[in-house]
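Student:
In our numbering, the protein residues as written are 20 to 827.
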């Protein structure tokens, strides 16, 4: 092939490396299925507005960032979005090319915007010229290679290890004849002659394609977008490496691979597509600027969110004081997860002597955990953090059971491989098929009951010294705003979900626990807080726990709304009667919660249907997960108690006055960790709804697991990231309203400004409206809206006269 395909572009020193790195950081990470967590698909665009992001993704991937305008028109016609919402959203727009007035905005909303039409890649230009689906061929061949290279143990015949992605692909592609059969003659030889280093391959391709500095960022980002979930998984590898202080080159290797295809196709078809490519290249060199259509869509989205915020303000205004006993019979601390809101409300309705709290589901225990009879390390903490401690289930007393369990697991794995092996699989069906009749009947009739996780009690490994244990206990209690008024029983409730035949099962577990259930974290914390030496140390620090207060770990199954109490972990003789009563309360609350959830699940008629769904192999919607999430509230529970937030709000207990005495460390923790995690959840649902082809996982009925890390929709192609269609749609209508999260915090605005000023990444989320921030006043009402630039504006609500109270 010729050295120069087109006139050489002008590329400055370091520009290629900088552009490749910038493009890589525009891609969101994708966690593997075993520990999947929600990820903000717009993570690389948080320094841009929604309109700017829309312009970028429309140009590079034909990807919308809002709903179709008919969605907004329907809400305007129904009065859900009012005139005031449109006017306020228009006034808040920072864009110079916004419509002149509400009338002009309405006129724009009345018309569907033109289809954006992404810039074509060279592969797409070649497909038009040759009638050969080169983008599909690239997706297929790349996916076949990547599925083997990135395999996490699913493949029976594993690909060779120890090579970089670039070296492994080059070795693979030199023997793959499919491209040549489809018309790309000499491709194997072209790959064989490629530079040994991917950076050199990128530089050569950029030169041969005639790219200039100005085109690199746009074009490189487009190529990585075209790799779908494969690029996102490589971004995960980079994320994980950088969090540990290292780096990873897989994503750069993938960019080099994708450029090789572009370079080869242009060399083969330059005569037919050279002029078109030159025109496309010139557009890549121009800045990405939002059009008025992009701005109109952003304003309509803002108006929809302001309408929902009005409803939320009304809910929070209707304060109904509830009399409380001096000491509750039980306190139950749940994860802030929106699914907990339903159960907490049901539990509080069962008895006025119950009080609930909300806290991040890993309960401040960032542990790398080994389950019983396992050497696999599970990172049971938010993915934004590094592990603080290690832990393992069981001890020396469990050594015999540990060994026996390992033997059974090995035998089961060996049996599974025998069933699936290339030769024995045929004879296996003939010889042992009848043995599986019983299992098929149990599974088909949903007769198999699944027990909650119940490993031996976890322990820190290595054991923490006393001072570290005291410090950890104090930090968690203060972060929970649980410093006095302790009940006899304090239940620490993690959560998980048990479903069958669901590759995305870990996505229903606790995101704050890294995609695992929260049982380990609550059991570790309960043991810590029950330790007499720790309690003595806490008393010296001003935190006195009553002698009769017992902390007990528990697990809430969000699919069945049943709660397992780990009472065997603690000495509960003096609290046996309390636990009997608590189990009754939990059972009644579960019944109420299931009854409420049954109204929202398609095909469920009453609360008894809920548990059956968790055992049904054919059920594509065992629960709704976090669909519908719209708000995050950090305030004392009495601001929301007794009011239904419909399972759509993250509820974090927080008392700013006691936090202010120590310089607002808890507020800073809330705004930089739980709020960010909640934003990832909210925006994953948002992205999967507005752009399901790009940011959604497709139809569950067509899923095939690949490499143990993700799913194909069908039998090959691009790895699909995000949420399955069935997680946001009930078959007739959306169950998730795509809304950017409204974060409502009862704290002084000055304290929040100080935190935003010190955390640029968090501030960007609010300044660019990926999140909305509100300050609650002393009566729990929405009083102030963050307007960006560390400025605030008063919120007008029906209960507010001219005088707005400042929480400071």
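Ideal Cβ positions, reconstructed from N, Cα and C, are used throughout, including at glycine. Remember, predicted model here, so these are calculated numbers, not experimental data.
(1) Tell me the DSSP secondary structure of residue 581 in three-state form.
(2) DSSP three-state call for residue 477: helix, strand or coil?
(3) Please go through the same chain and pick out, in chain order, the residues whose beta-carbon is closer than 8 Å to the beta-carbon of residue 243, but skip the five residues on each side of it.
(4) Please confirm whether residue 513 and residue 56 have their CB atoms less than 9 Å apart.
(5) With H, G and I counted as helix, E and B as strand and the rest as coil, what does DSSP make of residue 279?
(6) Rounding to the nearest angstrom, what Cα-Cα distance links residue 206 and residue 214 in this structure?
(7) Put residue 821 into one of helix, strand or coil per three-state DSSP.
(8) Just to confirm the assignment, what range does the alpha helix (DSSP H) spanning residue 709 have?
(9) Could you please give me the residues that DSSP links to residue 420 through a beta bridge?
(10) Can you give the Cα-Cα distance for residue 720 and residue 389, rounded to whole angstroms?
(11) Excluding the 5 residues preceding and the 5 following residue 800 in the sequence, name in chain order all residues of the same chain whose CB lies nearer than 6 Å to its CB.
(12) Whose C-alpha, out of 648, 647 and 632, is nearest the C-alpha of residue 641?
(13) Quick one: using the 10 Å Cβ neighbour count with 16 as the cut-off for buried, is residue 805 buried or exposed?
(14) Checking the sheet assignment: what are the DSSP bridge partners for residue 804?
(15) If we ignore side chains and look at the alpha-carbon of each, how far apart do residue 307 and residue 72 end up?
(16) Under three-state DSSP, which class holds residue 519?
(17) For residue 426, count neighbouring C-beta atoms within 10 Å of its own C-beta (all shown protein chains included) and say buried if the count is 16 or more, exposed if not.
(18) Using only CA atoms, which one of 105, 49, 114 and 147 lies nearest to residue 787?
(19) Is the segment 296 to 312 touching the segment 218 to 236 in the sense that three or more CB pairs, one from each, lie closer than 8 Å?
(20) Do residue 475 and residue 412 have their C-beta atoms closer together than 9 Å?
(21) Kindly indicate which three-state DSSP category residue 252 falls into: helix, strand or coil?
(22) Mind checking residue 130: buried by the 16 CB within 10 Å criterion, or exposed?
(23) Does DSSP put residue 72 in a helix, in a strand, or in coil?
(24) Could you say which of 554, 223 and 350 lies nearest to residue 571 if we only look at CA atoms?
(25) Could you check where the beta strand (DSSP E) with residue 373 kicks off and where it finishes?
(26) Give the single residue among 756, 682 and 712 whose Cα lies nearest to the Cα of residue 648.
(27) Span of the beta strand (DSSP E) holding residue 574?
(28) Do the segment 649 to 658 and the segment 759 to 768 meet, that is, are 3 or more Cβ pairs less than 8 Å apart?
(29) Note down the Cα distance separating residue 759 from residue 361, rounded to an integer number of angstroms.
(30) Is the separation between the beta-carbon of residue 557 and that of residue 563 shorter than 9 Å?
(31) What's the call for residue 64, buried or exposed, on a 16-neighbour Cβ count within 10 Å?
(32) Inspect the beta-carbon positions of residue 658 and residue 248 and report whether they are closer than 9 Å.
(33) For residue 540, does the count of other Cβ atoms within 10 angstroms reach 16, so buried, or fall short, so exposed?
(34) Would DSSP call residue 89 helix, strand or coil?
(35) Mind checking who residue 350 pairs with in its DSSP beta bridge?
(36) Whole-angstrom Cβ separation of residue 479 and residue 408, contact assumed at under 8 Å?
Tutor: Looking at the atomic coordinates:
(1) strand
(2) Looking at residue 477 - three-state DSSP - the assignment turns out to be strand.
(3) 42, 43, 45, 46, 250, 270, 273, 274 and 277
(4) No, the pair does not count as a contact, with Cβ atoms beyond the cut-off.
(5) Three-state DSSP puts residue 279 in a helix.
(6) Residue 206 and residue 214: Cα-Cα distance of roughly 14 Å.
(7) Reliability of the predicted coordinates at residue 821 is poor, the pLDDT of 36 falling under 50, and the value obtained from them is presented with this limitation in mind. Correct three-state label for residue 821: coil.
(8) 693 to 709
(9) For residue 420, which the question treats as bridged, DSSP gives no partner whatsoever.
(10) Going by the C-alpha atoms only, they are around 33 Å apart.
(11) 335 and 336
(12) With distances taken between Cα atoms, residue 641 lies closest to 632.
(13) With 16 or more other Cβ atoms within 10 Å, it is buried.
(14) 793 and 812
(15) 9 Å
(16) coil
(17) exposed
(18) 114
(19) yes
(20) yes
(21) helix
(22) By the neighbour-count rule (16 or more Cβ atoms within 10 Å), residue 130 is not buried but exposed.
(23) helix
(24) 350
(25) 373 to 378
(26) 756
(27) 569 to 576
(28) yes
(29) 21 Å
(30) yes
(31) buried
(32) no
(33) buried
(34) DSSP places residue 89 within a helical segment (H, G or I) once states are collapsed to three.
(35) 374 and 509
(36) 6 Å
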